[in-house]
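*Asks:* Please find one structure pasted underneath; my questions will follow.
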Amino acid sequence: MSHATDFITVLIADDSALTRQATSAILTGLGYHPVTASSGDETLSLLQYSSFDALLLDVNMPGKSGIDVLRFLMEKNDMLPVIMISGSGEIDQVVQCVKMGAYDYLTKPVDLNRLAVVLKNALSESALRQKVRLLSAAVDQSPVAVVIADIEGHIEYANPSFSTVSGAFIGGSVAKDNIFNISDDPAGISLNSRKTIVSGQVWQGDFCNRKATGELCWERAIISPVSSQGKAPSHILALIQDITDIRKGKEALRRSIRRFRELADLLPQPVFETDRKGIITYSNRAGFITFGYSRDEMKKGLHALQFFSSGDRSRVLRGIQGRKISGRFSSHEFTILKKDGTGFPALVYAAPISGRNSPSGFRGIVVDITELKETERKLIENKKKYLNLFQAIPDAIIVADAESGVLVEWNRQAQLLFDYSPEELSCLHMGDLYPEELRDEAVVSFRSASGRSPQTLETQIVTGHGLRINVHLSAGMFMTSGNKRFVGIFRDISEQKRSERLIRENVRLKNDFISTVSHELRTPLFSILGFTGTLLREMDELDRATILEFLSIIHDESKRLSSLIEDVLMISRIDSGRVSYKKSEIDPAVTISEVCRSLKIRADEKNIELHLKVSVPAVRVFADPDSLKQVAINIIGNALKFTPVGGRVDVLLSYDTDSMFLSVKDNGRGIPEDDIEKVFEKFYRVECAGDAVDGTGLGLSIAREIVEAHEGTITVQSNLHEGTEFLVRLPLLKMNYLQ
Numbered sequence: 005m006s007h008a009t010d011f012i013t014v015l016i017a018d019d020s021a022l023t024r025q026a027t028s029a030i031l032t033g034l035g036y037h038p039v040t041a042s043s044g045d046e047t048l049s050l051l052q053y054s055s056f057d058a059l060l061l062d063v064n065m066p067g068k069s070g071i072d073v074l075r076f077l078m079e080k081n082d083m084l085p086v087i088m089i090s091g092s093g094e095i096d097q098v099v100q101c102v103k104m105g106a107y108d109y110l111t112k113p114v115d116l117n118r119l120a121v122v123l124k125n126a127l128s129e130s131a132l133r134q135k136v137r138l139l140s141a142a143v144d145q146s147p148v149a150v151v152i153a154d155i156e157g158h159i160e161y162a163n164p165s166f167s168t169v170s171g172a173f174i175g176g177s178v179a180k181d182n183i184f185n186i187s188d189d190p191a192g193i194s195l196n197s198r199k200t201i202v203s204g205q206v207w208q209g210d211f212c213n214r215k216a217t218g219e220l221c222w223e224r225a226i227i228s229p230v231s232s233q234g235k236a237p238s239h240i241l242a243l244i245q246d247i248t249d250i251r252k253g254k255e256a257l258r259r260s261i262r263r264f265r266e267l268a269d270l271l272p273q274p275v276f277e278t279d280r281k282g283i284i285t286y287s288n289r290a291g292f293i294t295f296g297y298s299r300d301e302m303k304k305g306l307h308a309l310q311f312f313s314s315g316d317r318s319r320v321l322r323g324i325q326g327r328k329i330s331g332r333f334s335s336h337e338f339t340i341l342k343k344d345g346t347g348f349p350a351l352v353y354a355a356p357i358s359g360r361n362s363p364s365g366f367r368g369i370v371v372d373i374t375e376l377k378e379t380e381r382k383l384i385e386n387k388k389k390y391l392n393l394f395q396a397i398p399d400a401i402i403v404a405d406a407e408s409g410v411l412v413e414w415n416r417q418a419q420l421l422f423d424y425s426p427e428e429l430s431c432l433h434m435g436d437l438y439p440e441e442l443r444d445e446a447v448v449s450f451r452s453a454s455g456r457s458p459q460t461l462e463t464q465i466v467t468g469h470g471l472r473i474n475v476h477l478s479a480g481m482f483m484t485s486g487n488k489r490f491v492g493i494f495r496d497i498s499e500q501k502r503s504e505r506l507i508r509e510n511v512r513l514k515n516d517f518i519s520t521v522s523h524e525l526r527t528p529l530f531s532i533l534g535f536t537g538t539l540l541r542e543m544d545e546l547d548r549a550t551i552l553e554f555l556s557i558i559h560d561e562s563k564r565l566s567s568l569i570e571d572v573l574m575i576s577r578i579d580s581g582r583v584s585y586k587k588s589e590i591d592p593a594v595t596i597s598e599v600c601r602s603l604k605i606r607a608d609e610k611n612i613e614l615h616l617k618v619s620v621p622a623v624r625v626f627a628d629p630d631s632l633k634q635v636a637i638n639i640i641g642n643a644l645k646f647t648p649v650g651g652r653v654d655v656l657l658s659y660d661t662d663s664m665f666l667s668v669k670d671n672g673r674g675i676p677e678d679d680i681e682k683v684f685e686k687f688y689r690v691e692c693a694g695d696a697v698d699g700t701g702l703g704l705s706i707a708r709e710i711v712e713a714h715e716g717t718i719t720v721q722s723n724l725h726e727g728t729e730f731l732v733r734l735p736l737l738k739m740n741y742l743q
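Under this note's numbering, the first residue of the sequence shown carries the number 5, and numbering increases by one thereafter.
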């Protein structure tokens with residue numbers, strides 16, 4: 005209830021409008037706030053939905069009477085003070101109202117002063133009852149046992165918690181009726197508290213108690229003497245709390261700490277605890293061994309920061325501040341210092357020790373990672389060596405994920421072989437490296453490598469620009485970081501394939517050469533043997549003209565045989581690198597003219613026009629004259645060989661500022677298009693339908709070797725049935741033109 009009359013509301017219930025008006029005026033004058041009701045029913049309605057501080061209730065009202073309203077309030081146990089007002093002063097009615105719970109009974113007409121005093125007292129008593137009611141409820145609901153006893157300790161009151169805490173109430177009665185007898189501890193309340201309390205002092209302490217159930221428990225009591233107006237204590241107020249769980253918790257905590265420290269001493273790593281200022285409060289055995297400090301030194305005070313290098317201390321402080329806020333467990337790598345000043349790398353795992361409002365310190369473990377750092381260093385070195393080796397391998401290496409087939413790694417040679425950038429390779433599937441018709445076969449080869457020895461095969465790959473390359477593939481599978489990887493080693497065998505083709509072609513050509521040489525050697529030998537045999541047998545019978553004819557044939561066949569043998573020896577020397585050229589400054593026109601004169605007889609035999617044209621002025625080349633002569637003989641002789649009777653061969657010697665050009669052009673049968681690129685190959689001869697062509701197929705090959713040895717070039721152009729032109733280019737000697 006409010007203490008200010010401005011907020012005190014009084015309900016006036018009376019069936020007389022004049023009485024209600026007069027009473028309202030009186031209450032307003034006294035500083036109260038009046039509310040009126042004209043019947044018992046209206047009064048009950050207002051009481052149900054509004055709050056009032058007092059009720060002036062007329063006994064006799066129509067409908068429900070004042071007695072009915074009072075009975076309703078008492079049944080509700082309502083604390084509202086009710087003052088009954090009636091025109092009758094019958095003593096029985098007054099007694100009935102007071103017994104029912106009315107605060108007072110006033111008769112009409114109501115005396116103003118008496119009404120003011122009664123209402124004031126009623127309101128004061130109501131407020132006091134409300135406080136007592138709240139206090140009783142608080143005591144009854146308190147988890148702490150509250151006991152009131154006389155000075156001898158006889159219990160006069162105990163709240164419900166006393167039964168729970170001490171087990172002293174059995175079946176609603178007090179089992180232990182004296183406060184000094186509730187302890188089973190000899191050093192408990194009975195011996196230590198009585199004198200203290202009687203002397204007027206407060207006693208508090210812990211004691212052991214056995215409840216009525218036989219269960220032992222620990223309790224904490226505060227016992228205070230209660231006195232009135234300076235007199236000697238007449239009563240005792242005791243507050244008793246069951247602390248069994250608290251003591252069990254503390255004991256469990258002590259056991260836990262003991263077990264923690266026993267286990268910590270078994271660890272090979274240092275374990276530590278600090279207070280909130282950072283002073284080391286605990287270290288296990290490994291901590292003393294590792295850092296070299298004694299227990300006495302730790303007791304004198306060692307700050308945690310002195311164990312960190314100077315460069316790490318600011319980082320440690322930042323970490324501590326961060327963990328004070330977040331409270332999370334974390335680890336960091338630091339350089340840790342021993343007592344002798346030596347340091348070692350370590351991981352420090354630390355977490356705050358929980359306090360009531362903030363961390364009470366830190367707890368952690370120090371892990372020496374010297375060996376780990378050394379292993380990491382070696383691992384990095386080995387990885388670098390692996391990467392260098394991986395990149396230095398001359399074969400292309402591709403690594404792909406076994407599940408998706410996406411490329412994950414490759415070496416430098418793979419970039420060059422497949423002609424892709426690293427960004428492009430990272431977007432490719434391993435099937436994209438093969439021509440479309442070979443992709444399925446390639447993927448199967450990789451899949452079959454899992455769980456077996458590496459698979460090998462020859463296949464083709466396609467480059468980023470669409471070029472196909474023959475490769476030898478070795479495919480395998482390995483595990484890395486829990487992932488399956490396919491690895492493919494690609495070796496470009498294009499040159500090998502070309503070499504194999506060349507070897508096969510050379511074998512074929514050599515076989516053809518052996519056949520050809522055998523035939524070419526056999527023919528002149530048979531002729532020589534035949535004619536010499538005839539001369540030996542029939543010399544006396546042959547005339548001079550016949551003998552000369554036979555000797556001329558023998559001479560020509562011998563020359564042919566000699567030329568054939570010389571070609572074979574020459575190509576052998578070229579292949580073995582034993583050819584030496586005697587180069588000097590020569591006029592090429594002189595050499596070419598000599599060759600044309602020597603071949604004029606052969607041209608005349610086939611009625612072929614052999615024309616030589618030399619441009620002026622004369623120049624010099626640095627060449628072996630015999631070798632240059634052999635080139636001219638081979639090319640011009642070839643032209644005469646393949647030019648039909650009555651044909652024409654033109655030899656042109658021309659120059660520009662850098663080079664000499666020898667052109668030999670005929671109007672013979674020409675060279676088939678498929679044979680043009682092969683005419684300079686060893687032992688190759690152009691097949692001529694219906695004509696038997698002598699020779700070994702070495703002339704043009706020898707000519708090319710000689711020209712290239714003189715830093716020149718030789719080319720050919722030909723149209724079938726129209727003729728052929730060979731063009732030889734040799735570099736000129738600079739500033740050596742003849743005047």
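The beta carbon of each residue, even a glycine, is placed where N, CA and C say it ideally should be.
This one's a predicted model, so the numbers in the text were calculated from it and none came from an experiment.
Taking DSSP's pairing of strands, which residues face TYR286 in a bridge?
*Replies:* Your numbering for residue 286 matches position 282 in the sequence shown. Its beta-bridge partners are GLU277.
*Asks:* Examine the Cβ distances between the stretch 151 to 162 and the stretch 226 to 246 and report whether three or more of them are shorter than 8 Å.
*Replies:* At 8 Å Cβ cutoff, the stretches touch.
*Asks:* Considering only C-alpha positions, which residue in the set HIS37, TYR36, SER55, ILE16 is nearest to SER43?
*Replies:* Numbered from 1 along the sequence shown, position 39 holds the residue referred to as residue 43. SER43 has its Cα closest to that of ILE16, out of HIS37, TYR36, SER55, ILE16.
*Asks:* Pop quiz: ALA622 and LYS587 are said to be a contact at Cβ under 8 Å. What is the actual Cβ separation, rounded to whole angstroms?
*Replies:* What you label residue 622 is simply residue 618 of the sequence shown in a count that begins at 1. What you label residue 587 is simply residue 583 of the sequence shown in a count that begins at 1. At roughly 18 Å, the Cβ-Cβ gap does not stay under 8 Å, so ALA622 and LYS587 are not in contact.
*Asks:* Applying the 10 Å Cβ sphere with the 16-neighbour rule, what's the burial state of ILE284?
*Replies:* Taking the sequence shown and counting its residues from 1, the one referred to as residue 284 is at position 280. Counting Cβ neighbours within 10 Å, ILE284 comes out buried, since at least 16 surround it.
*Asks:* For THR23, name the three-state secondary structure that DSSP assigns.
*Replies:* Within the sequence shown, residue 23 is the residue found at index 19, counting from 1. Looking at THR23 - three-state DSSP - the assignment turns out to be helix.
*Asks:* Within the same chain, show all residues whose beta-carbon is closer than 8 Å to that of LEU724, passing over the 5 residues directly before and after it, in chain order.
*Replies:* Taking the sequence shown and counting its residues from 1, the one referred to as residue 724 is at position 720. Result list for LEU724: ARG673, GLY674, ILE675, PRO676, GLU677, in chain order.
*Asks:* Rounded to whole angstroms, how far is the Cβ of PHE276 from the Cβ of SER260, which I believe are closer than 8 Å?
*Replies:* Along the sequence shown, read from residue 1 onward, the residue named residue 276 stands at position 272. Along the sequence shown, read from residue 1 onward, the residue named residue 260 stands at position 256. About 18 Å; that fails the 8 Å criterion.
*Asks:* Secondary structure at ALA41, three-state DSSP: helix, strand or coil?
*Replies:* The residue you call residue 41 lines up with position 37 of the sequence shown. Residue state, collapsed to three classes: strand.
*Asks:* Output the distance between the C-alpha atoms of GLY176 and ASP57, rounded to the nearest integer angstrom.
*Replies:* Numbered from 1 along the sequence shown, position 172 holds the residue referred to as residue 176. Numbered from 1 along the sequence shown, position 53 holds the residue referred to as residue 57. The pLDDT assigned to GLY176 is 38, lower than 50, so where the model puts this residue is not dependable; a value taken from the coordinates is nonetheless given after this. Taking the straight line from one Cα to the other gives about 37 Å.
*Asks:* Which stretch, first to last residue, makes up the beta strand (DSSP E) that contains CYS212?
*Replies:* The residue you call residue 212 lines up with position 208 of the sequence shown. Residues 207 to 214.
*Asks:* Check the DSSP bridge columns for VAL491 and list the partner residues they point to.
*Replies:* Here residue 491 is taken as the residue at index 487 of the sequence shown, counted from 1. BP columns for VAL491 point to VAL403, GLY480.
*Asks:* For ILE383, is the classification buried or exposed, using 16 other Cβ atoms within 10 angstroms of its Cβ as the cut-off for buried?
*Replies:* Within the sequence shown, residue 383 is the residue found at index 379, counting from 1. The sequence shown places Leu at residue 383, not Ile. So LEU383 counts as exposed.
*Asks:* Taking DSSP as the reference, what is the three-state secondary structure of ASP372?
*Replies:* The residue labelled residue 372 in the question sits at position 368 within the sequence shown. Strand at ASP372.
*Asks:* Taking 8 Å as the cut-off, does the stretch 483 to 493 touch the stretch 397 to 410 (at least 3 CB pairs, one atom from each stretch)?
*Replies:* Verdict: yes, contact present.
*Asks:* Quick check on DSSP: helix, strand or coil for ALA713?
*Replies:* Reading the sequence shown from its first residue, position 709 is the one you call residue 713. In the structure shown, ALA713 sits in a helix (DSSP, three-state: H, G or I).
*Asks:* What does the Cβ neighbour count give for HIS7, buried or exposed, with the cut at 16 atoms within 10 Å?
*Replies:* On the sequence shown, position 3 is the one that residue 7 refers to. Low confidence applies to HIS7: its pLDDT is 44, below 50, so where it sits in the model is not reliable, and the reading given next is rough at best. Exposed, by the Cβ-count rule.
*Asks:* Go through its chain and collect everything with a Cβ distance to SER28's Cβ below 8 Å, but skip five positions before and after it.
*Replies:* By 1-based counting over the sequence shown, the position of residue 28 is 24. For SER28, where only same-chain residues beyond five positions count, the Cβ hits under 8 Å are ILE16, PRO38, THR40.
*Asks:* Check each candidate in ALA354, THR374, PHE366 and name the one with the smallest Cα separation from THR346.
*Replies:* Indexing the sequence shown from 1 puts residue 346 at position 342. When only C-alpha atoms are compared, the closest one is THR374.
*Asks:* Whole alpha helix (DSSP H) runs in the stretch 381 to 451 with 4 or more residues, listed along the chain?
*Replies:* Whole alpha helix (DSSP H) segments, 4+ residues: 416 to 422, 426 to 429.
*Asks:* Mind checking GLY650: buried by the 16 CB within 10 Å criterion, or exposed?
*Replies:* Counting from 1 along the sequence shown, the entry for residue 650 is found at position 646. With fewer than 16 other Cβ atoms within 10 Å, it is exposed.
*Asks:* With a threshold of 8 Å between beta-carbons, can TRP414 be considered close to chain C, or not?
*Replies:* Judged by its chain identifiers, the structure shown contains no chain C, having just a single protein chain.
*Asks:* In whole angstroms, what separates the C-alpha of ASP670 from that of GLU709?
*Replies:* Position 666 of the sequence shown holds residue 670. Position 705 of the sequence shown holds residue 709. In a straight line, the C-alpha of ASP670 is about 23 Å away from that of GLU709.
*Asks:* I'd like to check one pair, SER531 with ARG504: are the Cβ atoms closer than 8 Å?
*Replies:* Taking the first residue of the sequence shown as position 1, residue 504 is located at position 500. Taking the first residue of the sequence shown as position 1, residue 531 is located at position 527. Sequence check: residue 504 is Glu here, not Arg. Result no, Cβ atoms of GLU504 and SER531 do not sit closer than 8 Å.
*Asks:* Out of PHE684, LYS304, GLU427, TYR36, which has the shortest C-alpha to C-alpha gap to LEU119?
*Replies:* The residue you call residue 119 lines up with position 115 of the sequence shown. Comparing Cα-Cα distances from LEU119 to each of PHE684, LYS304, GLU427, TYR36, the minimum goes to TYR36.
*Asks:* Helix, strand or coil for ASN163? Go by DSSP, reduced to three states.
*Replies:* The count along the sequence shown starts at 1 and reaches residue 163 at position 159. Note: ASN163 maps to coil in three-state DSSP.
*Asks:* Report the CB separation of GLY282 from ALA308 in whole angstroms; it is logged as a contact under 8 Å.
*Replies:* Mapped onto the sequence shown, residue 282 falls at position 278. Mapped onto the sequence shown, residue 308 falls at position 304. With 8 Å as the limit, GLY282 and ALA308 qualify as a contact, their Cβ atoms being about 5 Å apart.
*Asks:* Thinking C-beta only, is VAL720 closer than 8 Å to ILE680?
*Replies:* Translated into the one-based positions of the sequence shown, residue 680 becomes position 676. Translated into the one-based positions of the sequence shown, residue 720 becomes position 716. Result yes, Cβ atoms of ILE680 and VAL720 sit closer than 8 Å.
*Asks:* Taking all protein chains shown into account, do 16 or more other C-beta atoms lie within 10 angstroms of the C-beta of GLU589, making it buried, or fewer, making it exposed?
*Replies:* Counting from 1 along the sequence shown, the entry for residue 589 is found at position 585. Per the 10 Å Cβ criterion, exposed.
*Asks:* Just to confirm before moving on: does the CB-CB distance between TYR107 and VAL73 stay below 8 Å?
*Replies:* Residue mapping note: residue 107 aligns to position 103 of the sequence shown, counting from 1. Residue mapping note: residue 73 aligns to position 69 of the sequence shown, counting from 1. Going by C-beta atoms, TYR107 is not nearer than 8 Å to VAL73.
*Asks:* Keeping to the same chain, check which residues put their C-beta closer than 8 Å to that of ARG24; ignore five residues upstream and five downstream.
*Replies:* The residue you call residue 24 lines up with position 20 of the sequence shown. Closer than 8 Å at the Cβ level, and outside the excluded window around ARG24, lie ILE16, ASP18, THR40, SER42.
*Asks:* For PRO426 versus VAL466, is the C-beta distance shorter than 8 Å?
*Replies:* Residue 426 sits at position 422 when you count from the first residue of the sequence shown. Residue 466 sits at position 462 when you count from the first residue of the sequence shown. Taking 8 Å as the Cβ cut-off, PRO426 and VAL466 do not qualify as a contacting pair.
*Asks:* When we look at the beta-carbon of TYR161 and count the other beta-carbons within 10 Å, is it buried (16 or more) or exposed?
*Replies:* As a working mapping, residue 161 is identified with position 157 in the sequence shown. Under this definition TYR161 is an exposed residue.
*Asks:* Kindly list the residues whose CB is nearer than 6 Å to the CB of GLY409, restricted to its own chain and excluding five residues on each side of it in sequence; keep chain order.
*Replies:* Counting from one through the sequence shown, the residue named residue 409 turns up at place 405. Counting only Cβ-Cβ distances below 6 Å, and skipping sequence neighbours, we find HIS433, MET434.
*Asks:* Can you tell me whether SER362 is buried or exposed, with buried defined as 16 or more other CB within 10 angstroms of its CB?
*Replies:* Stepping through the sequence shown from its first residue, residue 362 is reached at position 358. Classification for SER362: exposed.
*Asks:* Go ahead and label ALA396 buried or exposed: buried means 16 or more other beta carbons lie within 10 angstroms of its beta carbon, across all protein chains shown.
*Replies:* As a working note, residue 396 is residue 392 in the sequence shown. Flag for ALA396 reads exposed.
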